[in-house]
Amino acid sequence: SHRQETDRWRVSTEQLQARVSELTKQLEESKDSKLVEDLRKALSDKEHQVAQLSKEKHLYQLELMNRNCHSETVTARQRRKGGRGKPNTKPGPSRAQQK
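Numbered according to the working numbering, the sequence shown spans residues 37 to 135.
As structure tokens, then:
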């Protein structure tokens, strides 16, 4: 009888240990799932930020190209007028006198 009682306790203990192991595994998997979900969200957020920054970079590059083109146009006009970017200091008739 004592032996039967001991066997029942041993079986019960093994079953409880197995259940605890199973629940621990489920808890770890749940934590892993939560972690994976959080990491996926963080990755998605970072991908969105990279896309936004890439778009801003492209717009900034276009703006720089536009400024450079405008600057070259102004410089070319000044050269055609003989100014080379410097103010015209030669004495001559004023615009009012030219008319």
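Glycine included, C-beta positions come from ideal geometry on N, C-alpha and C.
Worksheet item: For R204, which residues of its own chain have a beta-carbon under 6 Å away from its beta-carbon, when the five flanking residues on both sides are left out?
Response: Residue numbering for the chain in the displayed model covers 37 to 135; residue 204 lies beyond these limits and cannot be assessed.
Discussion item. Tell me the residue span of the alpha helix (DSSP H) that contains K67.
Written reply: Note, K67: alpha helix (DSSP H), 38 to 116.
Practice prompt. Work out the CA separation of K70 and Q88 for me, nearest whole Å.
Written response: 27 Å
Fill in: C-alpha gap between A78 and S90, whole angstroms
18 Å
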